[in-house]
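Everything on this sheet refers to the single structure shown next.
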Amino acid sequence: YRHYATLYFVFCVDSSESELGILDLIQVFVETLDKCFENVCELDLIFHMDKVHHILQEMVIGGMVLETNMNEIVAQVEAQGKLEKAEGGLSAAPSRAVSAVKNINLPEIPRNINIGDINIKVPNLSQFM
Numbered sequence: 001y002r003h004y005a006t007l008y009f010v011f012c013v014d015s016s017e018s019e020l021g022i023l024d025l026i027q028v029f030v031e032t033l034d035k036c037f038e039n040v041c042e043l044d045l046i047f048h049m050d051k052v053h054h055i056l057q058e059m060v061i062g063g064m065v066l067e068t069n070m071n072e073i074v075a076q077v078e079a080q081g082k083l084e085k086a087e088g089g090l091s092a093a094p095s096r097a098v099s100a101v102k103n104i105n106l107p108e109i110p111r112n113i114n115i116g117d118i119n120i121k122v123p124n125l126s127q128f129m
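For the record, in the sequence shown the residue sitting at position 120 is 120 according to the UniProt record's numbering, with numbers rising by one throughout.
Set out below in structure tokens:
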């Protein structure tokens, strides 16, 4: 673990990992958070958990450290942010899906869809409409 101001960062690893390597990884993670959030604080971590998770995923995938270059990580996170803004954000996806279903103008929403041998049961969407 590492302690920065009021924040504690704890990584759980197995005994085969290098403690110094993990401390360095925590340092890179915190410095990357500082670059992305401009002096990271508790509220940034709470209210932007998706961005924090994305930063960690840029660094570690499947338990393997793949990227430790802060500039590369920040560039990837910023590119993802631009993509989400261009698409209206991922948080708007459920409402866009519901409006797309509404705009189909079906007289009745089908309950079963049959495609060849495949039978798909459609959930009740009336709660969203």
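Note that CB positions come from ideal geometry on N, CA and C, so glycine has one too. Treat the numbers as computed from the prediction; the structure is a model and nothing was measured.
Per DSSP, residue 114 lies in no alpha helix (DSSP H) segment; the continuous beta strand (DSSP E) that holds it begins and ends at 112–115. Residue 7: member of the beta strand (DSSP E) spanning 7–9, first to last residue. The straight-line gap separating the alpha-carbon atoms of residue 15 and residue 3 is approximately 21 Å. Just so you know, the alpha carbons of residue 72 and residue 26 end up roughly 16 Å apart.
The count of Cβ pairs closer than 8 Å, one atom from the region 59–69 and one from the region 77–86, stays below three, leaving the stretches out of contact.
Around the beta carbon of residue 61, a 10 Å sphere encloses fewer than 16 other beta carbons of the protein chains shown; the residue is thus reported as exposed.
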